[in-house]
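Residue numbers (the numbering used here), protein chains in the order written: chain Y, 1 to 306; chain X, 307 to 576.
No residue lacks a Cβ here, since even glycine has one placed at the ideal position from N, Cα and C.
A short worksheet on the structure shown next.
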Amino acid sequence: MHDPRLAIEIAGIRFNNPVLGASGTFGYGLDMAELIDLNRLGGFCTKGLSARPLAGNPPARIVETHGGMLNAIGLQNIGARAFVEEKLPLLRQYDTRIIANVFGYSDDDYIEAIEILNDGADIAAYELNISCPNVKEGGIVIGNSAAAAARLTEKARRAAARPLIVKLSPNVTDISELARAIRDAGADALSLINTVVGMSIDVNTRKPRLNYGTGGLSGPAIRPIAVRMVYEVARVVSLPVIGIGGIASAMDALEFIIAGATAVQIGTANYYDPRVTMKVIDGLSEYCEHHQVDSIFSLVSSLRKE
Amino acid sequence: MIDTIATVERNLEPAKGYRLLTLNFNEEFQILPGQFAMLRAHNGYEPLLRRALAVYKQDSPGQLSFLYQVLGRGTEMLSLLGSGAKVDALLPLGNHWPVEECPRAIVVAGGVGSASVLMLCEQLKRLRVDTQIFFGAANERSALGCGIADFLALDLPLSTTTDDGSFGEHGLVTSPLERHLDEDTRTAVVYTCGPWAMMKRVAEISRLREVKCFASLEAPMGCGFGVCVGCVVAVNTDEPSGYGSYKRVCTDGSVFPADLIRWEVAAMSH
């Protein structure tokens, strides 16, 4: 049932295909099981998990924009312990790779969440969320500073019993510099980009449309920014890169792969097209057929300059 | 819950600014009163997100109708669809109106909130539950747009109000509700759907008289099936960490016991 041409490997983990569900858009995986065959999926990233459950931000949390949406959910989640005890046992029946996305307000919070998750069997890797723009501490504060990001990566690498993927923010001056610092600190792979900080105002009330004020922009509108950043990072860092940002079709996914991504994550498109991951997997197979590609891996960083 | 492609049977305009969209499906559904669907023009690019619309009527196992007000880009796009057009549809979604243990029902519909309660009224009638309907709208045009003709056809006790007095009693729908509850003190359950301020007042009126009340809420939704956690409403919680302070309208609701909701924190702007 899996197309062998689509198999890839990242940090020693084999994925049946390079199509993953992005954190925050896939629940804890189980929420999607009624709509898609999780066994066909390369893998997915859980909603950001913290050491303790989080309530999240007051509404309004989302607003649609042209070609995308702003969100300020604020990482509402059940907590790492509940994930290990309540969700993981139910996920075990599926043949897919589970990546636990980890969040904290401080370095110690991140490490505590990782230590709880280390107890859970069948987690393939961790994705360190140092780029959430919708909480006041942790997250993006760390992700904005190469020194802070490197320090946390180093600690997380020591604590983690599994490969460590670090998710980068696009809201930085030089993403290559950040990527290098995180590589040097021991990350096994990089995923990018998280959402782009944005704002939308209701001109009648003259208030921000989101209760939090600002939010993270996602969806097709940010795709060219993401492709450019994946290209820049993949050029300077030899670590595997997972591309994220507005992917809604196989052609979108291929742009990222050609730019340098070994795998991709699909986010916002899951909301308006819940079966999009399946369609992208099928589309990648068709592309391989049409272009006589034996392994999707041969397309990674295959951009032609002229 | 299935993700499918439906075909437009017709898309009528019962009154200016209101639409009744009837869709044909290849599948057969058993829709419970209060459930909704996420809809979007098939192969459309803008707007991106599907729109949450309550199932207004089930005409047959494979035909459903949706009553909606044209308010923004999403509903405007839907209003442009003609017979034969294709629609991406995810359904059925959400919980449903609880009618078990209802000795006497009072249904309070405000504006296009009527879309969520017509099937409830039909069900109450089938179950032979003593039912009183209060139907409020801005004016006569809006009452027509919100399906007053369908509610009158139910032949259940019905009281209508309009804000401008152009149809039925002049004033807010909460006035006749209050009078009714004061005059008839038999045990009842109140079901309400409408603008936030109206439901807030209906909840208060019910609470003061110790009458059980359920409200169907609306919120901008990203997905409609629980993963985006964008459509939350603030609820009362005794968890010290504050965890559980927000519930998803799409999967934890859209119908909630009114006393669970923190009405001072609005989940929607109208």
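DSSP state of residue i mapped onto helix, strand, coil
i, result
"His-576/X", "Low per-residue confidence applies at His-576/X: pLDDT is 46, beneath 50, and the placement is therefore not dependable, though the value from the model is reported in the following sentence. In this structure, His-576/X counts as coil in the three-state DSSP scheme."
"His-486/X", "helix"
"Ala-564/X", "helix"
"Ser-50/Y", "coil"
"Gln-375/X", "strand"
"Lys-431/X", "helix"
"Val-271/X", "The question about residue 271/X has no answer here: the residues shown for chain X are numbered 307 through 576."
"Ala-125/Y", "strand"
"Met-229/Y", "helix"
"Ser-335/Y", "Outside the shown range of chain Y, which is 1 to 306, sits residue 335/Y, and nothing can be said about it."
"Asn-77/Y", "strand"
"Ser-465/X", "strand"
"Asp-470/X", "coil"
"Gly-143/Y", "helix"
"Lys-87/Y", "helix"
"Gly-380/X", "helix"
"Ser-522/X", "strand"
"Asn-39/Y", "helix"
"Phe-297/Y", "helix"
"Ile-62/Y", "strand"
"Ser-249/Y", "coil"
Buried versus exposed call for residue i [16 or more other C-beta atoms within 10 Å across all chains shown]
i, result
"Ala-121/Y", "exposed"
"Asn-16/Y", "buried"
"Ser-522/X", "buried"
"Gln-292/Y", "exposed"
"Pro-18/Y", "buried"
"Tyr-374/X", "buried"
"Leu-178/Y", "buried"
"Ser-23/Y", "buried"
"His-576/X", "For His-576/X, the predicted structure reports a pLDDT of 46, less than 50, and the residue's modelled location is therefore unreliable. A value from the coordinates is still provided. By the neighbour-count rule (16 or more Cβ atoms within 10 Å), His-576/X is not buried but exposed."
"Arg-434/X", "exposed"
"Gln-341/X", "buried"
"Arg-92/Y", "exposed"
"Val-102/Y", "buried"
"Ile-308/X", "exposed"
"Arg-304/Y", "exposed"
"Met-32/Y", "buried"
"Arg-432/X", "exposed"
"Thr-195/Y", "buried"
"Leu-75/Y", "buried"
"Glu-305/X", "Residue 305/X cannot be examined here, being either before or after the span of chain X that is shown, 307 to 576."
"His-527/X", "Reading off the sequence, residue 527/X comes out as Met, not His. It is buried - the Cβ of Met-527/X has at least 16 other Cβ atoms within 10 Å."
"Glu-625/X", "It is not possible to answer for residue 625/X, since the shown part of chain X is limited to 307 through 576."
"Ser-547/X", "exposed"
"Gln-438/X", "buried"
beta-carbon residue i near the ligand PLP non-hydrogen atom, thresh 6 Å
i, result
"Arg-157/Y", "Looking at this structure, you won't find the ligand PLP or any other ligand, since it has none at all."
N- and C-terminal bounds of the alpha helix (DSSP H) containing residue i
i, result
"Cys-288/Y", "276-290"
"Lys-155/Y", "146-159"
"Val-172/Y", "No alpha helix (DSSP H) contains Val-172/Y, which DSSP labels as neither H nor E."
"Ala-449/X", "446-451"
"Ser-512/X", "502-514"
"Asn-270/Y", "269-272"
"Asn-118/Y", "107-118"
Endpoints, beta strand (DSSP E) assigned at residue i
i, result
"Tyr-362/X", "No beta strand (DSSP E) holds Tyr-362/X; DSSP gives it neither H nor E."
"Asn-330/X", "324-330"
"Ile-242/Y", "241-244"
"Ile-439/X", "436-443"
"Asp-394/X", "392-399"
Supposed contact pair residue j and residue i - C-beta distance, whole angstroms, cut 8 Å
i, j, result
"Ile-78/Y", "Ala-100/Y", "The pair is not a contact, with the Cβ atoms about 12 Å apart (cut-off 8 Å)."
"Arg-554/X", "Val-538/X", "6 Å"
"Arg-515/X", "Leu-487/X", "5 Å"
"Leu-338/X", "His-402/X", "4 Å"
"Gly-21/Y", "Asn-270/Y", "7 Å"
"Leu-326/X", "Arg-357/X", "Not confirmed; about 15 Å, so no contact."
"Gly-477/X", "Thr-466/X", "That belief does not hold up - the Cβ atoms of Gly-477/X and Thr-466/X are roughly 11 Å apart, past 8 Å."
- Is the segment 251-266 of chain Y in contact with the segment 194-209 of chain Y, if contact means three or more CB pairs nearer than 8 Å? no
- Task: Kindly confirm or deny that the segment 436-448 of chain X and the segment 471-479 of chain X touch, where touching means at least three C-beta pairs closer than 8 Å.
- Result: yes
- Message: Does the contact criterion of 3 or more C-beta pairs under 8 Å hold for the segment 420-431 of chain X versus the segment 383-394 of chain X?
- Response: no
- Query: Is the segment 184-194 of chain Y touching the segment 227-246 of chain Y in the sense that three or more CB pairs, one from each, lie closer than 8 Å?
  - Reply: yes
- Message: I'd like to know if the segment 167-182 of chain Y and the segment 220-236 of chain Y are in contact, where contact means that at least 3 CB-CB pairs between them fall below 8 Å.
- Response: yes
- the segment 209-229 of chain Y / the segment 61-73 of chain Y touching (three or more Cβ pairs under 8 Å): yes
- Item | Inter-stretch contact (C-beta, 8 Å, three-pair minimum) for the segment 539-552 of chain X and the segment 275-289 of chain Y | no
- Task: Check whether the segment 550-569 of chain X touches the segment 51-61 of chain Y, taking contact to mean three or more Cβ pairs, one atom from each stretch, closer than 8 Å.
- Result: yes
- Message: Does the segment 82-96 of chain Y come into contact with the segment 39-48 of chain Y, if we say contact requires no fewer than three beta-carbon pairs (one atom in each stretch) closer than 8 Å?
- Response: yes
- Task: Take every Cβ of the segment 284-291 of chain Y, pair it with every Cβ of the segment 308-320 of chain X, and state whether three or more of those distances are shorter than 8 Å.
- Result: no
- Evaluate the contact criterion for the segment 241-256 of chain Y versus the segment 373-387 of chain X: three or more CB pairs, one atom per stretch, below 8 Å. no
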